[in-house]
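Accompanying notes for the structure given below.
Numbering (our numbering), first residue to last: 53 to 413.
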């Protein structure tokens with residue numbers, strides 16, 4: 053490596069290291085911080101407020117830890133394994149439970165303020181916006197008033213589970229379900245605007261576990277049918293479908309909304325132009341992950357793209373040079389998500405083996 057760079061190694065504490073290139077200079081400043089290791093598996097992504105991180109584990113405990121110290125602040129049993137991340141919704145933390153309940157919890161004490169029973173488990177991540185909680189469940193999608201903890205509307209014409217978080221943009225609520233359909237609902241009334249299907253009848257090939265990328269005019273999804281699809285936001289009609297790469301369920305976008313990122317089953321990161329109605333591939337980076345199936349979202353923060361894997365790796369990519377900056381070796385199990393703390397902009401991830409990491413730049 054030193055010969056390739058044409059530079060002599062330097063001594064640091066007696067060890068010879070190569071002088072950095074631009075990307076490795078960034079890599080030297082990118083460190084992971086192991087905040088917490090749970091005694092059980094963790095299947096959820098992470099929720100945040102100014103001081104606290106919230107998550108759930110496979111034994112059914114919803115937990116809160118201090119952001120800085122990783123100290124456990126509270127832990128409450130819910131009765132079933134947790135798959136959906138807790139949602140910070142105003143003065144409450146809402147725990148979507150597989151025990152067929154929504155739990156409204158005091159974020160400081162962990163006290164359960166209210167339980168809303170359901171006829172099915174909650175396994176989908178919810179979204180809090182404009183004092184309302186939007187969340188999918190079994191055969192339904194709901195909007196709750198986060199101040200009064202009362203249901204505003206329920207759309208109950210689904211035929212299976214929702215698994216991923218919806219996108220709430222303007223007056224559109226866009227989400228997929230495991231009944232082969234992508235839905236667009238009116239955010240005020242809960243009425244159906246349109247629903248889209250890829251032409252296949254098998255539930256396993258539909259958009260049940262993808263967070264869509266939504267722009268002003270288009271919606272982008274990937275699914276286990278191995279296609280990336282662009283859909284007209286107003287009409288729900290297909291604009292284009294592309295299967296040049298083995299797309300699956302790992303999707304995201306650039307901070308400025310001009311690029312769509314998809315991780316493929318071959319461990320590639322594909323960037324597509326989101327400013328045009330035509331399919332336009334911008335670049336492809338080999339993440340060196342090999343075979344991939346983790347549905348972990350792709351996220352960009354501070355000019356760096358983060359992509360997770362099925363075996364404990366998170367890869368940081370420079371979109372300007374289209375190259376890998378650093379690979380974080382965090383564990384041996386699947387990454388649940390790349391989570392951006394909205395209060396600080398910091399990047400976190402959780403692994404199924406029960407660990408929570410902060411990725412420091």
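All C-beta atoms, glycine included, are put in the ideal place defined by N, C-alpha and C.
Taking only the alpha-carbon atoms, compute the straight-line gap between residue i and residue j and give it to the nearest angstrom.
i	j	result
residue 314	residue 126	36 Å
residue 131	residue 303	32 Å
residue 101	residue 395	7 Å
residue 281	residue 379	29 Å
residue 118	residue 413	20 Å
residue 136	residue 148	6 Å
residue 233	residue 206	17 Å
residue 364	residue 107	18 Å
residue 150	residue 138	12 Å
residue 338	residue 321	6 Å
residue 391	residue 216	14 Å
residue 262	residue 359	14 Å
residue 353	residue 336	19 Å
residue 296	residue 384	29 Å
residue 134	residue 287	35 Å
residue 178	residue 187	4 Å
residue 403	residue 114	16 Å
residue 82	residue 166	41 Å
residue 285	residue 140	28 Å
residue 185	residue 351	22 Å
Is DSSP giving residue i helix, strand or coil here?
i	result
residue 215	coil
residue 73	Caution is warranted here: a pLDDT of 47 is assigned to residue 73, below 50, making its placement in the model unreliable, and the coordinate value is therefore given only provisionally. Residue state, collapsed to three classes: coil.
residue 256	helix
residue 194	strand
residue 379	strand
residue 129	strand
residue 116	strand
residue 173	coil
residue 95	coil
residue 351	strand
residue 85	strand
residue 241	coil
residue 141	strand
residue 409	strand
residue 111	coil
For residue i, write down the residues that DSSP places opposite it in a beta bridge.
i	result
residue 317	Bridge partners of residue 317: none, in fact.
residue 387	403
residue 305	312
residue 208	According to DSSP, which records beta bridges pairwise, residue 208 is partnered with nothing at all.
residue 155	147, 167
residue 182	Looking at the DSSP assignment, residue 182 forms no beta bridge with any residue, so it has no partner.
residue 236	226, 246
residue 271	266, 283
residue 160	Note: residue 160 sits in no beta bridge, so no partner.
Apart from the five residues on each side of it in sequence, which residues of its chain come closer than 6 Å, Cβ to Cβ, to residue i?
i	result
residue 312	265, 272, 305, 324, 326
residue 331	292, 294
residue 116	104, 106, 125, 126
residue 356	368
Short of 8 Å in beta carbon distance, which residues of its chain neighbour residue i, apart from the five on each side in sequence? Order them along the chain.
i	result
residue 344	300, 302, 315, 316, 317, 318, 319, 361, 362
residue 183	142, 197, 198, 199
residue 283	234, 248, 270, 271, 272, 273, 289, 290, 291
residue 92	109, 110, 111, 113, 406
In chain order, what residues of the same chain have a beta carbon less than 7 Å from the beta carbon of residue i, not counting five sequence neighbours either side?
i	result
residue 393	100, 400
residue 267	309, 326
residue 239	220, 223, 224, 225
Check whether the stretch 155-162 touches the stretch 171-179, taking contact to mean three or more Cβ pairs, one atom from each stretch, closer than 8 Å. no
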